[in-house]
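Asker:
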Amino acid sequence: MSEEKNLNFIEEIVETDLNEGKYKSIITRFPPEPNGYLHIGHSKSICLNFGLAKKYGGSTNLRFDDTNPVTEDTEYVESIKDDIKWLGFEWSNEFYASDYFDTLFEYAVTLINKGLAYVDDSTSEEIATLKGTPTEPGKDSIYRSRSIEENILLFNEMKDGKYKDGEKVLRAKIDMAHTNMLMRDPIMYRIKHAHHHRTGDKWCIYPMYDFAHGQSDSIENITHSICTLEFIPHRELYDWLIEKLNIFPSHQYEFARLNMTYTVMSKRKLLQLVNEGHVSGWDDPRMPTISGFRRKGYTPLSIRNFCDKIGVAKRENLIDLSLLEFCLREDLNMTAKRVMAVLDPVKLIITNYEEGKTEMLTSENGPDESLGHRSIPFGKELWIEREDFMEEAAKKWFRLAPGALVRLKSAYIVKCESFEKDSDGNITAIHCTYIPESKSGQDTSGISVKGTIHWVSVKHAATAEVRLYDRLFKSENPAAEEGDFKEYMNLDSLHIINNAYIEPSLTTANLEDRFQFIRKGYFCLDKDSTTEKLVFNRTVTLKDAWSKEVKKG
RNA sequence: UGGGUUAUUGUGUAAAGGUAGCACUACAGAUUUUGAUUCUGUCUGUCUAGGUUCGAAUCCUAGUAACCCAACCA
């Protein structure tokens with residue numbers, strides 16, 4: 089019945105559940121821990137969870153998994169909300185695991201009363217030792233046989249702050265010889281005399297992930313609790329707790345997390361890059377964080393399309409960065425306004441053009457008519473790109489060289505007559521003549537040229553700082569390399585151009601605007617911009633067939 | 001050496017016993033006032049070995065490889 093739909097395995101599960109009447113509608117959740125910024129991997133999960141609810145008419149909760157007060161902060165809560173909104177999703181409810189601390193405490197008491205939980209006074213080392221290894225069974229703690237009454241008393245004392253951090257824990261009583269390590273009497277509660285960003289100092293005991301997550305899902309009537317592969321072993325415990333507590337049976341499903349070439353995706357590693365100053369912050373445009381991509385000029389649509397294309401499955405993957413860039417260019421190509429900017433300038437002088445004359449030329453803002461037109465000032469002296477001139481033309485060279493003709497975009501065809509060099513051999517000026525009949529849009533010259541180059545009028549140019557970003561890592565998969573992942577960083581990942589020349593229309597650019605600097609790439613204004621100094625970030629380069637031609641030799 | 005999960009072209013993902021498809025990448029060509037875009041075309045694949053079947057990526061058996069699990073993290 090769904091032959092042409094090509095559903096992913098989770099959509100198939102949802103459709104089956106819906107068709108069989110297991111649920112009337114579905115509820116999913118996105119459950120970040122507020123201890124860091126969201127990255128592109130999270131956007132896969134966000135698109136999956138929110139996308140599922142949208143597709144099947146359900147709803148999605150945003151739930152902060154804030155069970156560890158020492159690593160969490162409201163700064164992260166705010167950034168996470170911003171990122172999800174920016175991506176274009178709306179949650180039905182904003183919840184916190186900490187909303188359920190009272191309920192969770194009652195659940196723990198229930199388990200104690202059923203003889204399924206006990207207070208253990210062992211140190212963490214003792215607990216680790218008695219836990220055994222994957223190949224050897226663990227051993228029971230001497231505290232495992234405490235009476236229900238004693239456990240209730242002790243657990244309440246834990247809550248009341250009678251004990252110091254680490255003195256006692258509450259554990260589920262399952263099976264110390266279980267083949268699944270997580271079932272060997274997992275810790276449910278630990279003592280942490282720490283200030284929580286939401287509950288303040290109300291609690292000094294906090295539930296572990298396993299004792300909070302499934303129950304939170306259950307409380308919210310989550311039908312499909314979707315997480316990544318490394319949580320597969322947790323599912324058995326997830327189900328065990330729901331069964332013993334006899335609460336709404338949410339179900340956990342696991343998919344493979346996103347990995348991408350030339351970057352790292354673990355929060356720990358990203359935090360390290362920030363803390364050690366390898367990048368300027370979580371939103372450094374080289375970071376794979378959502379805020380980093382946003383600052384770099386990525387669009388929400390491009391990221392959503394990307395998440396759509398990569399699919400959802402259970403095998404380990406390493407997605408080509410080029411697919412993300414394809415999705416980006418696909419979007420930007422349709423929407424970005426075309427403008428001209430010269431990043432590495434050299435002066436071009438039109439010897440037969442009237443001194444001091446300014447001509448306003450009309451240029452289209454993009455391939456789509458709806459983007460409209462603008463006028464650009466043209467004059468006798470122009471800045472052009474240094475790399476668009478070659479003293480001795482290479483084969484298949486379509487740009488400027490002595491004697492060669494080239495079209496100045498939206499202006500005239502010029503012919504290179506001569507050039508000047510300084511004592512170091514650098515080109516300092518190029519002298520051309522222009523063909524007055526070749527004016528763009530009213531060309532009667534009958535001349536056709538192979539190359540078109542961009543330019544900015546010297547007299548009218550504004551200046552700007554332009555930041556060119558490259559991949560942060562030289563290795564395709566730095567996390568999988570030998571040694572420290574930071575050894576594989578690309579030390580040349582940021583190139584700053586202090587004085588690029590930009591066409592005057594760019595001086596009124598806004599933060600949300602997207603531009604294509606013709607022939608140079610896509611750019612956007614950076615938040616560091618001031619009225620005195622504009623700063624542009626390169627979002628992504630254009631595809632470049634010429635550089636490949638050059639490499640071929 | 002225990003348990004769990006996964007193997008389809010360079011990458012990712014479809015095909016639920018019946019033509020191995022799609023996208024990205026790469027390559028070639030056409031168009032182009034962006035060496036962009038657009039358009040056309042080309043290349044490479046079912047982890048291995050057996051078996052069942054008219055027919056196997058799919059079912060069976062035995063291997064192999066990768067990843068996850070021994071935090072009072074999530």
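Whatever position you read off the first sequence (first residue = 1), add 88 for the numbering used here. In this text, a Cβ means the ideal position worked out from N, Cα and C, and glycines have one as well.
Going by C-alpha distance, which of K503, S528, N514, K435 is nearest Y522?
Answerer: K503
Asker: Quick check on the DSSP output: the alpha helix (DSSP H) that includes M422 runs from which residue to which?
Answerer: 409-423
Asker: What is the DSSP secondary structure of A489, reduced to helix, strand or coil?
Answerer: Coil.
Asker: Could you check whether the stretch 445-463 touches the stretch 408-420, counting it as contact only if at least three pairs of C-beta atoms, one from each stretch, sit closer than 8 Å?
Answerer: no
Asker: Should K484 and E637 be called a contact, given that it needs their Cβ atoms to be closer than 8 Å?
Answerer: yes
Asker: Could you give the residue range of the beta strand (DSSP E) that holds F605?
Answerer: 603-605
Asker: How many Å lie between S702 and I335 at the Cα?
Answerer: Residue 702 cannot be examined here, being either before or after the span of the chain that is shown, 89 to 641.
Asker: Per DSSP, W291 forms a beta bridge with which residues?
Answerer: W291 is not bridged to any residue.
Asker: For E447, which residues from the same chain have a beta carbon less than 6 Å from its beta carbon, with the 5 sequence-adjacent residues on both sides left out?
Answerer: In chain order, F466 place their CB closer than 6 Å to the CB of E447, counting only its own chain and leaving out the 5 sequence neighbours on each side.
Asker: By DSSP, does A588 sit in helix, in strand, or in coil?
Answerer: strand
Asker: Output needed for H542: all residues of its chain with C-beta closer than 6 Å, excluding positions within five of it in sequence on either side, in chain order.
Answerer: Cβ neighbours of H542 beyond the five flanking positions: M428, K497, I606, R607.
Asker: Please say whether L270 and L325 have beta carbons closer to each other than 8 Å?
Answerer: yes
Asker: Is E121 closer than 8 Å to E163 when the C-beta atoms are compared?
Answerer: no
Asker: Using 8 Å as the cut-off, can you tell me whether the stretch 542-558 makes contact with the stretch 618-633, which would need three or more C-beta pairs spanning the two stretches below that distance?
Answerer: yes
Asker: State the DSSP-derived secondary structure class of E469, mapped to helix, strand or coil.
Answerer: strand
Asker: Classify S147 as helix, strand or coil using the three-state DSSP reduction.
Answerer: Residue state for S147 is assigned as strand, using DSSP reduced to three classes.
Asker: Who does K509 pair with in a DSSP beta bridge?
Answerer: I515
Asker: With a Cβ-Cβ cutoff of 8 Å, do D228 and M264 count as a contact?
Answerer: In this structure, M264 lies closer than 8 Å to D228 by Cβ.
Asker: Once you ignore the five residues that flank G146 on each side, which residues in its own chain have a CB closer than 8 Å to its CB?
Answerer: S113, I114, I115, T116, L140, T311
Asker: Quick one: is G641 buried, meaning 16 or more other Cβ sit within 10 Å of its Cβ, or exposed?
Answerer: The residue in question, G641, is exposed, as its Cβ has fewer than 16 Cβ neighbours within 10 Å.
Asker: Going along the chain, which residues of its own chain have a beta-carbon closer than 7 Å to the beta-carbon of V628, five neighbours each way excluded?
Answerer: E413, L416, R417, G609, Y610
Asker: Does V430 pass the burial test, meaning 16 or more other C-beta atoms within 10 Å, or should it be called exposed?
Answerer: buried
Asker: Leaving out the 5 sequence neighbours to the left and right, which residues in its chain are closer than 6 Å to K384 when beta-carbon positions are compared?
Answerer: Once the five neighbours on either side are set aside, the close Cβ partners of K384 are P373, N625, T627.
Asker: Would you please state the rounded distance, in angstroms, between the beta carbons of P274 and D298? I believe it to be under 8 Å.
Answerer: Indeed they touch by this definition, with Cβ atoms about 6 Å apart.
Asker: Cβ of D154 within 8 Å of Cβ of Y184?
Answerer: yes
Asker: With DSSP as the reference, label K173 as helix, strand or coil.
Answerer: helix
Asker: Quick one: which unbroken alpha helix (DSSP H) runs of 4-plus residues sit fully inside the stretch 175-214? Chain order, please.
Answerer: 189-201
Asker: So does the stretch 566-582 actually touch the stretch 347-367, counting three or more Cβ pairs closer than 8 Å?
Answerer: yes
Asker: Nearest-angstrom Cα distance between I80 and V197?
Answerer: A question about residue 80 goes unanswered here, because the residues of the chain that appear run from 89 up to 641.
Asker: Any idea what DSSP makes of N625, helix, strand or coil?
Answerer: strand
Asker: Pick out whichever of K290, I279, S354, N453 has its Cα sitting closest to the Cα of N565.
Answerer: S354
Asker: Would you grab the beta carbon distance between G380 and D371 for me? Rounded to a whole angstrom, and I think it's under 8 Å.
Answerer: 5 Å
Asker: Would a C-beta distance cut-off of 8 Å place R474 and G176 closer than the cut-off?
Answerer: no
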